[in-house]
Amino acid sequence: MSNRDEDELSDAAYVSARSDDSSEADDDGASSISSTSQVSEVDDAVVHDHAYLGDDVGIERPHSAYYEPGAVVDLPLVVLPDIVIFPGETLPLRMLSSATIQLITLRTRLRQEFDTFAVISTLHDPIGTVGTIIQIERIYEQNDVHLSIVGRGCQRFELCRIAHGSDDYATLAASVRVRPDYHALRVPFAQKRAAFGYWRPSEYNLFDGHVLVRKAKAMLATSVEWRGVNALVVDDAHAAPDDPTQFSYWLAAHVHLSVDERRALLRVDCTVRRLHDLLTWLHDHTSSSIACRTCRTLLAQSTDIFSTQRAGTFVNPGGHVHQILTLYSVQSEQIVCVGRPTTRDTWFRGYSWQCMYCGTCDEFIGWRYASKRQTPHVFYGLVRTAIR
83 MSNRDEDELS DAAYVSARSD DSSEADDDGA SSISSTSQVS EVDDAVVHDH
133 AYLGDDVGIE RPHSAYYEPG AVVDLPLVVL PDIVIFPGET LPLRMLSSAT
183 IQLITLRTRL RQEFDTFAVI STLHDPIGTV GTIIQIERIY EQNDVHLSIV
233 GRGCQRFELC RIAHGSDDYA TLAASVRVRP DYHALRVPFA QKRAAFGYWR
283 PSEYNLFDGH VLVRKAKAML ATSVEWRGVN ALVVDDAHAA PDDPTQFSYW
333 LAAHVHLSVD ERRALLRVDC TVRRLHDLLT WLHDHTSSSI ACRTCRTLLA
383 QSTDIFSTQR AGTFVNPGGH VHQILTLYSV QSEQIVCVGR PTTRDTWFRG
433 YSWQCMYCGT CDEFIGWRYA SKRQTPHVFY GLVRTAIR
């Protein structure tokens, strides 16, 4: 690992989050980098509602946002490079992230407009890009000054046009066409199938969304590699919906997909096809390694993946959004932790954090979290854009 000066260390440490009132470490940082795999999950209260953003000031939303498929609507546009949000996923944003976010946050805080906005993951050849419409669910406030929002993905869209705002802010707006979701239809009951043709049950099952959902859950239940995701299927009814369309988005949000794979799935309009693509991915990745995207050094195994339940996307004090993959252990000889453990700005209440770098190429890859009181005592958050 190369030597870093004080400023660079400060910059690295800034890629964190926000929550606890203590700036001291929860542990002495002397424990081993690798932790023993555990079945228990991080306490849901630790990450629930993105409490690290401050105090929830509360907003009233009488109904969920919905636009007719095919409709063209004008929305504020937020560009989050390499961040792909599926319908149902939450997205936290700080007001200082961009001028557009500032305008959205302030007007929502004043109960004016911009209940919804559009998010895309790239500005490279943006026309035709598929993104997600986000509805604001909560607003957080710190010291009566700093405002943050948490939204939830509700529908997909295709970008038609980008325009700059007419106000003094460097804001972006977009005309978007709402993409449809072709939901899975139930196949005829067995006694009625004879009237429709000669297909066998196995052929009907290829198009039965509920059968595909059960198949995916069975794969998770019987695979030790995905026990972390399977724990949510069993223990948290709200996290694993039975509706095929909602489940397809839920599963896509929880497994270790690359950014390109997430983009490809977001473009799929047909629920049955999306489920088939996910089943194929699960079959091909039942046992796989996780490596540094830059140098391909082995960092961890998929056997150590677990989920922090409702949250996988976080925003740091600088307004940068990160999507992370959480693991019980990593390859200790390939990881270098930098800085003293601290609970300042932590995303996981009660846990201290340290920045982690790849020991081979020196690239930033995520954070190590440790706690003497929480279970597990140690886990790791790898930035999705830093791994493959």
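The sequence shown begins at 83 in the working numbering and counts up by one.
Note that the Cβ used here is the ideal one computed from N, Cα and C, for glycine as well.
Please read all numbers here as calculations on a predicted model, not as lab measurements.
Taking every protein chain shown into account, the CB of Arg243 has fewer than 16 other CB atoms within 10 angstroms, so this residue is exposed. Annotation: the continuous alpha helix (DSSP H) that includes Tyr286 extends over Pro283 to Asn287. Following the DSSP letters along the chain, one finds Arg176 in no alpha helix (DSSP H) but inside the beta strand (DSSP E) bounded by residues Thr172 to Arg176. The alpha-carbon separation between His246 and Thr253 amounts to approximately 6 Å. Looking at Thr385, Ala452, Leu175 and Tyr439, the one whose alpha-carbon comes closest to that of Glu223 is Leu175.
Within the same chain, Asp263, Tyr264, His265, Ala266, Gly291, Pro326, Thr327 and Ser330 come within 7 Å of Thr353 by CB-CB distance, once the 5 residues on both sides are set aside. When DSSP states are grouped into helix, strand and coil, Leu348 belongs to the helix group. Nearest neighbour of Gly421 by Cα position, chosen from Val337, Val154 and Met438, turns out to be Met438. Around the beta-carbon of Gly463, 16 or more other beta-carbon atoms lie within 10 Å, marking it buried. The DSSP-derived three-state label of Gly463 is strand.
Val260 and Tyr149 have their C-alpha atoms some 7 Å from each other. Taking the Cβ atoms as the reference, Cys419 lies roughly 18 Å from Thr376, outside the contact range of under 8 Å. Taking the C-beta atoms as reference points, Ile231 is found no nearer than 8 Å to Gly213. Membership of Arg355 in the alpha helix (DSSP H) is indicated by the continuous run Thr353 to Asp366.
One thing to note: Ala334 has its Cβ within 8 Å of the Cβ of Arg344. The stretch 163-177 and the stretch 383-402 touch, with three or more beta-carbon pairs separated by less than 8 Å.
Its chain contains Cys419, Gln436, Met438 and Tyr462 as the residues whose beta carbon lies nearer than 6 Å to that of Arg450, once the 5 sequence neighbours on both sides are disregarded; these appear in chain order.
Per DSSP, reduced to three states, the secondary structure at Tyr433 is coil, with no helix or strand assignment. The Cβ-Cβ distance between Leu229 and Ile221 falls below 8 Å.
Collapsing the DSSP output to three states places Arg234 in a strand. Secondary structure note for His404: its beta strand (DSSP E) is the uninterrupted segment Val403 to Leu409. Taking every protein chain shown into account, the CB of Gly233 has 16 or more other CB atoms within 10 angstroms, so this residue is buried. With contacts defined as CB atoms closer than 8 Å, Ile469 and Ile387 fail to qualify as a contacting pair.
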